[in-house]
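Numbering (my numbering), first residue to last: 35 to 326. Ideal Cβ placement from N, Cα and C applies to all residues, glycine included. These figures come from a predicted structure and were not determined experimentally. In what follows, a structure is listed as structure tokens, so that the remarks can point back to it.
Given below as structure tokens:
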């Protein structure tokens, strides 16, 4: 199945950084064509969503800012009912897993970036996607416990979606699945994997267009087999298992791929971005601000 994200607008020659804060003109056009985003539609849909939020008793005591609402509208191509359903999924997910949204400390979460466990690459694909990069073997649970991984995930995903470019273009993932099974297998429970699956597929106001797996391991195969029965066919088609890391260069520009995979990208550091998005006023509105 062709990736719709790259069908709508031709790839742009310029490589945009992960951190931008604005939507270039060519991607504004993409939002119109692909997401049905016009000034009138945006204003009307935003008003409808606010009315629905105000009338829903389960959302009493939750402050939801306009930017978060727009994220959901864009993720569902301005289908207001679908956007509202996904928004409620996120609020309920946060309510049921509050430990993931509280107690976050920069000094702890930054280990994910510093140790290159889960981070973003500093440049986007030419189609505008943000690229999340996971190195399973860099994760040492005794040093970065599972609870901190669960706290890290919504910060990295939801705060990346504060970027208009990520809202419109979504994500791609590169997963280096090399793993020590003795270290990791005990944490690959169905409960943990399903939490990750449900949160990213039913609650996140953003789309993953593809998952590129390199250095497939016993741990990776075990996780895929465990989840195979519940993964929809559409999602399975997005998973690309590469025989060699260098095959990533068939899907991504060499300039944005780390040298360890045969690309040209040297050292990079996104701790500055993480520190900004982990300011207290940013964290309190993560996934909606609970007032009580």
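Per DSSP, residue 164 lies in no alpha helix (DSSP H) segment; the continuous beta strand (DSSP E) that holds it begins and ends at 164-169. The straight-line gap separating the alpha-carbon atoms of residue 114 and residue 64 is approximately 19 Å. Scanning the segment 118-173 from its first residue to its last, the whole beta strand (DSSP E) runs of 3-plus residues come out as 152-154 and 164-169. Fully enclosed alpha helix (DSSP H) runs of no fewer than 4 residues occupy 224-232 and 252-261 of the segment 222-262, in order along the chain. For residue 286, there is no enclosing alpha helix (DSSP H), as DSSP gives it neither H nor E.
Listed in chain order, the non-local C-beta contacts of residue 108 below 8 Å within the same chain comprise 65, 69, 71, 201, 202 and 239, local neighbours out to five positions each way being set aside.
Taking C-beta atoms as the reference points, residue 163 and residue 204 count as a pair closer than 8 Å. If the five residues before and after residue 135 are omitted, its C-beta is found closer than 7 Å to the C-beta atoms of 128, 188, 320 and 321, all from its own chain and listed in chain order. Where residue 194 is concerned, the enclosing alpha helix (DSSP H) starts and stops at 180-194. With distances taken between CA atoms, residue 92 lies nearest to 126 out of 311, 126, 213 and 142. Contact annotation: residue 171 and residue 213 have beta-carbon atoms nearer than 8 Å. Pairing residue 185 with residue 232, the inter-Cα distance amounts to about 15 Å. By the 16-neighbour rule on beta-carbons within 10 angstroms, residue 278 is exposed.
For the 8 Å CB-CB criterion, residue 302 and residue 280 do not form a contact. Counting only residues of its own chain and dropping the five nearest sequence neighbours on each side, residue 298 has a CB closer than 6 Å to the CB of 288 and 289. Nearest neighbour of residue 304 by Cα position, chosen from 154, 175, 132 and 112, turns out to be 154.
The alpha-carbon separation between residue 133 and residue 183 amounts to approximately 11 Å. In the three-state reduction of the DSSP assignment, residue 91 falls in the helix class. The DSSP-derived three-state label of residue 110 is coil. Of the residues 73, 80 and 87, the one whose Cα lies closest to the Cα of residue 101 is 80. Shown here, residue 277 sits in coil according to DSSP, grouped into three states, outside any helix or strand.
Counting other Cβ atoms within 10 Å of its Cβ, residue 89 stays below 16 and is therefore classed as exposed. Looking at the backbone, the Cα of residue 223 and that of residue 247 are separated by about 20 Å. Between residue 193 and residue 104, the C-beta gap is not smaller than 8 Å, which leaves the two residues out of contact. Its chain contains 257, 260 and 261 as the residues whose beta carbon lies nearer than 8 Å to that of residue 227, once the 5 sequence neighbours on both sides are disregarded; these appear in chain order.
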